[in-house]
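Note that full-length UniProt numbering has the sequence shown beginning at 1, numbered continuously upward.
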Amino acid sequence: MAQAEHPSVTRFREYLRINTMHPNPNYYPALEFLRRQASEMGLEFKILETGIEGKPLGLMTWKGRNSDLKAIMLSSHMDVVPVFPDEWKYEPFSAHKDEKGDIYARGSQDMKCVASWYLEAIRRLKSEGQTFARTIHLLFTPDEEIGSKPLEKFVQTQDFKDLNLCFGLDEGIASPENKMRVFYGERSVWWFKITSRGPPGHASAFIENTAVKKLHNVIGYCLAFRDEQEKLYKANPAAGLGAVTTLNVSVLEGGVQPNVVPASMSAIVDMRLPPTITPSEMKAQIRKWCDDAGPDVDYEMMIEKNSVEMVSVTEDNPWWVTFRDICKSVGLEIQTEIFPAATDSGFYRKVSWS
């Protein structure tokens, strides 16, 4: 006789079946699911509109015994990245569970699993009669996978200030090793476009100072820098990707037809900078690469999401010390890192919680 599925797994799979995939996620079915979970546990729940149509946040609240104390936040995003169904063994929103108990679904790792952990932990604690002095707020956010614009607006509102927060947790990365990776900062995300200009002409001639030649030069400087950073990473991989700057040329643009030398060429670059790098210094470096490549080479920022704020992971931060010591008390090894990509955490760190 087959063993009955644990209710926590059933709830998790139900959340996974709700399609919140870009480019057109519908968040309201997910919020209704979360509202039902809150109702079952006796928690408050409300939908917060952000001023961006179709991009609401969900707020679930477990009231503490002492409303004068600052509150704790548990955050997770609802959206998931697009899928290519032909590459999947099972339908990506079926939450199929195989005979081993493995569950296949988009969002099962990033990051509906984390939301489910929050909810199931609270459900268990409440069933045991546990209460806390501090209020706990659970935030469910939209559009994290495409830049977190709704959250960026929300953290500037009075609604966010009224949460009266002092400590929060957001997403991390699953660790294949027997340790917990704890991220106290994250890298800045830059997308910039380098454009070179030069004389056009017929491709049968030797034309001097072409746009292609100058773009080749500046890409060479970019890739040399990339090689330097890769060597630093390989020399100390334990520090993680977040400790170095990554750079990748991701798009090349230009040209009209094979026998015409183009008047302009462009390259789009993705760069991720650790918070220890000063943005103005890196911009000066990019400017120098352009100048050294030749005349009429320039760059423009397409996306500049700077994350220079870091949470203290030293003895002077009582929240960190408490978190660290509790992890140690249950045998969890901790590894502190800078997050290599961008998350909602960057927007939370930018605003004062004092």
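Cβ atoms here follow ideal geometry from the backbone N, Cα and C, with glycine treated the same way.
Model, not experiment: these values are computed from the prediction.
Taking the Cβ atom as the reference point for each residue, do residue i and residue j lie within a distance shorter than 7 Å?
i	j	result
K55	P142	yes
V155	V351	yes
R226	L247	yes
K63	N164	no
T20	V81	no
V218	I194	yes
W289	Y184	no
P274	I173	no
F347	L151	yes
E120	S8	yes
M271	G254	no
Y15	K126	no
M78	A4	no
K214	S196	yes
D292	S148	no
E145	S307	no
I52	I136	no
L138	M60	yes
R349	E304	no
F192	Y299	yes
Y104	Y90	yes
T50	K161	no
For residue i, count the other beta carbons within 10 Å of its own beta carbon; 16 or more makes it buried, fewer makes it exposed. Which is it?
i	result
Q37	buried
M180	exposed
S204	exposed
M1	Reliability of the predicted coordinates at M1 is poor, the pLDDT of 46 falling under 50, and the value obtained from them is presented with this limitation in mind. The residue is exposed, with fewer than 16 neighbouring Cβ atoms inside 10 Å.
I122	buried
F84	exposed
G107	buried
Report back the beta-carbon spacing between residue i and residue j to the nearest angstrom; my notes put them in contact at under 8 Å.
i	j	result
Y294	N209	Note that residue 294 is Gly in the sequence shown, not Tyr. Right, the Cβ-Cβ distance comes to about 6 Å (below 8 Å), so this counts as a contact.
G198	F140	Incorrect: roughly 51 Å between the Cβ atoms, too far for contact.
S75	R11	Rounded, the Cβ-Cβ distance is 19 Å, inconsistent with contact.
P200	A263	4 Å
Y233	V244	5 Å
C166	W353	6 Å
H202	V297	Actually they are not in contact, since the Cβ atoms of H202 and V297 sit about 23 Å apart, beyond 8 Å.
Could you name the residues that DSSP lists as bridge partners for residue i?
i	result
W62	I136
A267	I194 and L252
L273	S188
S76	F140
F45	M60
S104	First, the amino acid is wrong: residue 104 is Tyr here, not Ser. Partner(s): H96.
Y299	I194
A71	L165
_contact_flag[the region 84–95, the region 39–47] where n(CB pairs < 8 Å) is 3 or more_ = no
*Looking at C-beta atoms only, is the number of pairs between the region 311–329 and the region 274–286 that lie closer than 8 Å three or more?*
no
*At a cut of 8 Å, does the region 7–20 reach the region 126–137 through at least three beta carbon pairs?*
no
*Check whether the region 309–317 touches the region 227–246, taking contact to mean three or more Cβ pairs, one atom from each stretch, closer than 8 Å.*
no
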